[in-house]
Amino acid sequence: MDKAEADRKVEESVEEDDQVVNPWQVSAKDGGKIDYDKLIDKFGCQRLQPSLVDRVQRLTSRPPHVFLRRGVFFAHRDFDEILNAYERGEKFYLYTGRGPSSEALHLGHLVPFMFTKYLQDAFKVPLVIQLTDDEKCMWKNLSVEESQRLARENAKDIIACGFDISKTFIFSDFDYVGGAFYKNMVKVAKCVTYNKVVGIFGFTGEDHIGKVSFPPVQAVPSFPSSFPHLFSGKDDLRCLIPCAIDQDPYFRMTRDVAPRLGYHKPALIESSFFPALQGETGKMSASDPNSAIYVTDSAKDIKNKINKYAFSGGQDSIEKHRLYGANLEVDIPIKYLNFFLDDDAELERITKEYGAGRMLTGEVKQRLIQVLTEMVERHRRARAAVTDELAASPIPTQSSCSQPSVSHGLTHAWPHLHVQTSDRPSHIPLIVSTITSRLSVSS
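Mapping of the sequence shown onto the working numbering: position 41 corresponds to residue 43, and the numbering continues sequentially without gaps.
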């Protein structure tokens, strides 16, 4: 491949003029914001309309999640088809994932898991969670052993989110890839040309072949036959993928291939990015600890980070602020409250008062500190109940999961969580398997 071809930008996942959005980089140039309308046009997905949010409420008989009400999840591919199928009495399964590159999750990492938990509870469907420790080993220059260790640590945070563990299967690529899963990887790989994968992902002659060969690994959890111990005989089961919009390139590729292999195209529901403390030019990053609030941060850490680093849209003097009010378009505390303050009326009041200058930046930051401290402390209690044995054992047993430190701690933090014995085939080594051998997709 010549230099001109090697240096070309990503065909679909890079916006040439002012922003870069792909699975490994999200940034806006010259201090600008990510233009989500441009992304929708470029990627070819659809904006999530209020009518679909209303339909979710009608079908599930529960209020829509705050991330739906406030447009955090704002785009989709065939989400309407998932709802059509569900209304006909057809079940589906959820698939999401995490690339473990840090000791603990930050708030941006939590967003898709919080929303996925809501979807699982609302629709009462099974869930598979992929830990792409192989991907991070290749992209982050981590050793295999370090990638596996980070995956185990991240699994604890994921378990602590409170999923229905009778319907949830968490797996590490290093531990699970093989058998039917690998067969599907080969089938996908044969359907995607090198030119196509370069066009989608922007690989160059400097990238090692591990990167070029990775996309099928993230694609095939979209196919139920990749999990024969879960979905045997249910190859027509549909898949819904909640994810951030930077993961869209993987699944555009997958959707192109799926019908050729006899599967439904996976549906997606996609979120905007959780902004860094310093502003909305990109997303919160684990590579910069001062840009992120972690679930391991203490109350003091959270207070210091918000007060010191959270970009404010307030004016530079009280007098000017009272006169002109805050610029809510750039204010990070307001952005974070939009994600995590459940009370719509309170959020509306704060937004109105702050925008008019009647509320000061310090007051808004103080309320945000309270919200985040409570949320992180709740997560910390739940995570403390997840033992090393639970996060690393192939099959958590009923006896090990019924210890007070596990079941009591998790159910205290997440009242709807319950523990159930797994009869998954014992020859499959996994980070954690918390699901029955045959998932019921009819109940």
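Glycine residues also receive a C-beta, built at the ideal position from the N, C-alpha and C atoms. Since the structure is predicted, the reported quantities are computational estimates derived from the model, not experimental observations.
Counting Cβ pairs closer than 8 Å, one from the segment 222-240 and one from the segment 271-279, do we hit at least three?
no
Is P268 closer than 9 Å to I1 when the C-beta atoms are compared?
It is not possible to answer for residue 1, since the shown part of the chain is limited to 3 through 445.
Would K189 pass as a contact of L263 if the rule is Cβ separation under 9 Å?
Stepping through the sequence shown from its first residue, residue 189 is reached at position 187. Stepping through the sequence shown from its first residue, residue 263 is reached at position 261. Yes. Within cutoff.
Would A157 pass as a contact of I172 if the rule is Cβ separation under 9 Å?
Counted from its first residue, the sequence shown places residue 157 at position 155. Counted from its first residue, the sequence shown places residue 172 at position 170. Contact: yes.
Status (buried if at least 16 other CB within 10 Å, exposed otherwise) for Y196
Within the sequence shown, residue 196 is the residue found at index 194, counting from 1. Answer is exposed; the Cβ neighbour count stays below 16.
Quick one: residues in its chain with C-beta nearer than 8 Å to the C-beta of D20, no 5 flanking neighbours on either side, listed in chain order?
The count along the sequence shown starts at 1 and reaches residue 20 at position 18. Contacts found: A30, K31, D32, G34 and D37.
V434 - DSSP class collapsed to helix/strand/coil
As a first step, residue 434 must be located in the sequence shown, where it is residue number 432. Any reading at V434 is ruled out, since the residue's pLDDT is 46, under 50, leaving its predicted position unreliable.
Are the C-beta atoms of D303 and some chain B residue less than 9 Å apart?
In summary, chain B is missing from the structure at hand, where a single protein chain is found.
Provide the residue(s) that pair with V23 in DSSP beta bridges, ordered along the chain.
Taking the sequence shown and counting its residues from 1, one reaches residue 23 at position 21. Bridge partners of V23: V28.
Count the other CB atoms within 10 Å of the CB of K119; is the residue buried (16 or more) or exposed (fewer)?
Walking along the sequence shown from the start, residue 119 turns up at place 117. Under this definition K119 is a buried residue.
Three-state secondary structure assigned by DSSP to A77
Residue 77 sits at position 75 when you count from the first residue of the sequence shown. Note: A77 maps to strand in three-state DSSP.
If contacts are defined as beta-carbon pairs under 8 Å, then F341 and F253 qualify, I think. What distance do you get, rounded to the angstrom?
As a first step, residue 341 must be located in the sequence shown, where it is residue number 339. As a first step, residue 253 must be located in the sequence shown, where it is residue number 251. Contact doesn't hold; Cβ gap of about 23 Å is too wide.
CB D333 to CB G315, shorter than 9 Å?
One-based indexing of the sequence shown puts residue 333 at position 331. One-based indexing of the sequence shown puts residue 315 at position 313. Cβ distance < 9 Å, so D333 and G315 count as in contact.
To which residues does DSSP link Y95 through a beta bridge?
By one-based count along the sequence shown, residue 95 stands at place 93. Answer is C241, bridged to Y95.
Three-state secondary structure assigned by DSSP to P396:
For the purposes of this step, residue 396 is taken as the residue at position 394 of the sequence shown. In this prediction, P396 scores a pLDDT of 34, lower than 50, which makes its location untrustworthy; the coordinate-derived value is nonetheless stated afterwards. Correct three-state label for P396: coil.
The alpha helix (DSSP H) enclosing K119, as first and last residue numbers:
The count along the sequence shown starts at 1 and reaches residue 119 at position 117. L109 to F125 is the extent of the alpha helix (DSSP H) around K119.
My output table needs one value for F173: the three-state DSSP class, helix, strand or coil.
Position 171 of the sequence shown, counted from the first residue, corresponds to residue 173. Residue state, collapsed to three classes: strand.
Please return the same chain residues whose Cβ sits closer than 7 Å to the Cβ of P25, not counting the five positions on each side in sequence.
For the purposes of this step, residue 25 is identified with residue 23 of the sequence shown, where counting begins at 1. Hits under 7 Å: D248, Q249, P251 and Y252.
C-beta atoms of P226 and G99 nearer than 9 Å
Locating residue 226 in the sequence shown gives position 224, counting from the first residue. Locating residue 99 in the sequence shown gives position 97, counting from the first residue. The criterion of a C-beta distance shorter than 9 Å is not satisfied by P226 and G99.
CA nearest to the CA of G46, picked from R90, R79 and R151:
As a first step, residue 46 is located in the sequence shown; it is residue number 44 there, counting from the start. Nearest of R90, R79 and R151 to G46, Cα basis: R79.
Given a threshold of 16 other Cβ atoms within 10 Å of its Cβ, counted over all protein chains shown, does L325 qualify as buried or as exposed?
Walking along the sequence shown from the start, residue 325 turns up at place 323. Exposed, because fewer than 16 other Cβ atoms sit within 10 Å of the Cβ of L325.
In angstroms with no decimal places, state the Cα-to-Cα distance between E282 and E350.
Taking the first residue of the sequence shown as 1, we reach residue 282 at position 280. Taking the first residue of the sequence shown as 1, we reach residue 350 at position 348. Those two C-alpha atoms are separated by around 21 Å.
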